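A.B. asks:
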Amino acid sequence: MQLDVIAALNLLKQDGPYLGRPHVDTLYGSKIPNMKELRVQSNGRPVRGFFVFDPLRKAIILCAGNKEGADEKRFYKTMIKTAESEYHRHLDQLKRSGK
Numbered sequence: 009m010q011l012d013v014i015a016a017l018n019l020l021k022q023d024g025p026y027l028g029r030p031h032v033d034t035l036y037g038s039k040i041p042n043m044k045e046l047r048v049q050s051n052g053r054p055v056r057g058f059f060v061f062d063p064l065r066k067a068i069i070l071c072a073g074n075k076e077g078a079d080e081k082r083f084y085k086t087m088i089k090t091a092e093s094e095y096h097r098h099l100d101q102l103k104r105s106g107k
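Note that this note's numbering has the sequence shown beginning at 9, numbered continuously upward.
(1) Relative to the alpha-carbon of HIS98, which residue among ASP33, ASP23, LEU70 has its alpha-carbon at the smallest distance?
(2) Do you know how far the Cα of PRO41 is from the Cα of ASN74?
(3) Could you pull the start and end residues of the beta strand (DSSP E) that ALA72 belongs to?
(4) Pull up the DSSP beta-bridge partners for ASP33, would you.
(5) Per DSSP, what are the beta-bridge partners of ARG53 in this structure?
(6) Would you decide whether LEU64 is buried or exposed? Buried here means 16 or more other CB atoms lie within 10 Å of its CB.
(7) Hey, PHE61 and LEU46: beta-carbon distance below 8 Å or not?
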């Protein structure tokens, strides 16, 4: 699973905001309009990484989880809440560092 996730992260690093489906999809239900999910399949297991491009245009991986066997609505609701919290923390760090 780790190799599949690393491969997907490398694709994101390489293609940036131009990486699209099936690797990246838009998330709905987030207060952050440009939040995306990195879609990874590893031996039939769906792993989702939630990320956003910050004001410095860097992809920030906020959280990730194995979606297998999860109630889909609950999975996304929980992960989006976590991702939003992490993004706000990241923005606060950027402000403190003067960037």
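Quick reminder that beta carbons are idealized off the backbone N, C-alpha and C, glycines included.
Just so we're clear, the structure is a prediction, and the values are computed from it rather than from any experiment.
C.D. replies: The relevant details are as follows:
(1) Position 90 of the sequence shown, counting from 1, holds the residue named residue 98. For the residues ASP33, ASP23, LEU70, the minimum Cα distance to HIS98 belongs to LEU70.
(2) Taking the first residue of the sequence shown as 1, we reach residue 74 at position 66. Taking the first residue of the sequence shown as 1, we reach residue 41 at position 33. When rounded, the distance between both Cα atoms is 23 Å.
(3) Taking the first residue of the sequence shown as 1, we reach residue 72 at position 64. Residues 67-74.
(4) On the sequence shown, residue 33 is found 25 positions in, with the first residue counted as 1. Checking the DSSP bridge columns, you'll see ASP33 partnered with GLU45.
(5) Mapped onto the sequence shown, residue 53 falls at position 45. Looking at the DSSP output, ARG53 bridges to SER50.
(6) Working through the sequence shown from its first residue, we reach residue 64 at position 56. The residue is exposed, with fewer than 16 neighbouring Cβ atoms inside 10 Å.
(7) Looking up residue 61 in the sequence shown gives position 53. Looking up residue 46 in the sequence shown gives position 38. The criterion of a C-beta distance shorter than 8 Å is not satisfied by PHE61 and LEU46.
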